[in-house]
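Residue numbers (this note's numbering): 44 to 265. Here is the structure we will look at.
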């Protein structure tokens, strides 16, 4: 009975901690509370694993800043974003993606997902970590030359479209540590994102499974 009580109490404490982190960074993210907290929970899978924390498509930096609160100052944090919004959706991304991008009056448009680099700096400062690099530019310009010395423990992809997602995978997948986690933010949202993931795994003869945890799609690197 006591062990059950302690287990429930521990879960409630953890849930409160995750909610507190969400509240701290909610102005720096467009990710819903439940999905945000699940991203944080997944960090339990990589605690103690060597490698950097990398986010491609960071917007205002609120998600990786929350992750930084969980994983702490001993990690290196790299944020990649154009800070100019999304590139144009293409046919491979699906009709819904093209329609979304054309509907500039939608409350979910977020100025084509445009945010300032300064917002990301502010979010990371709030997280309290110091080893932070923010790389501005289109993925096709910044990622091919990105070499992460200690490898990658967490690769979080929030790239929306096929070409952008494929650019991340081509440039960074091989740098993810064995046992590292690749979180695919838009897997259940945009066709282009899911197609890119499937195409990459197939072309490279990879056997990793697509996993899901409370609506968050991820891969564990084998």
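Glycine included, every Cβ here is placed at the ideal spot set by N, Cα and C.
Going by DSSP, which residues form a beta bridge with residue i?
| i | result |
| --- | --- |
| residue 175 | 120 |
| residue 256 | 259 |
| residue 199 | 98, 226 |
| residue 232 | Partner(s): none; residue 232 has no beta bridge. |
| residue 219 | 195 |
So is residue i buried or exposed if we call it buried at 16+ other beta carbons inside 10 Å?
| i | result |
| --- | --- |
| residue 64 | buried |
| residue 15 | Here the chain covers residues 44 to 265 and nothing more, so residue 15 does not appear. |
| residue 207 | buried |
| residue 170 | buried |
| residue 146 | exposed |
| residue 253 | exposed |
| residue 154 | exposed |
| residue 91 | exposed |
| residue 103 | buried |
Between residue i and residue j, is the Cβ-Cβ spacing less than 8 Å?
| i | j | result |
| --- | --- | --- |
| residue 259 | residue 81 | yes |
| residue 201 | residue 228 | yes |
| residue 106 | residue 72 | yes |
| residue 116 | residue 172 | yes |
| residue 68 | residue 101 | no |
| residue 203 | residue 181 | no |
| residue 188 | residue 121 | no |
With residue i as the anchor, note down where its alpha helix (DSSP H) starts and where it stops.
| i | result |
| --- | --- |
| residue 78 | 76 to 84 |
| residue 113 | 105 to 114 |
| residue 153 | 153 to 156 |
| residue 140 | 138 to 145 |
| residue 209 | 205 to 215 |
| residue 250 | Unbroken run through residue 250: none, as it is neither H nor E. |
| residue 125 | It is not in any alpha helix (DSSP H) - residue 125 carries neither H nor E in the DSSP assignment. |
| residue 185 | 182 to 185 |
Would you please state the rounded distance, in angstroms, between the beta carbons of residue i and residue j? I believe it to be under 8 Å.
| i | j | result |
| --- | --- | --- |
| residue 86 | residue 114 | 6 Å |
| residue 211 | residue 95 | At roughly 14 Å, the Cβ-Cβ gap does not stay under 8 Å, so residue 211 and residue 95 are not in contact. |
| residue 186 | residue 224 | About 18 Å separates the two Cβ atoms, so there is no contact after all. |
| residue 136 | residue 235 | 3 Å |
Could you pull the start and end residues of the beta strand (DSSP E) that residue i belongs to?
| i | result |
| --- | --- |
| residue 167 | First-last for residue 167: 160 to 170, but that is the alpha helix (DSSP H), not the beta strand (DSSP E). |
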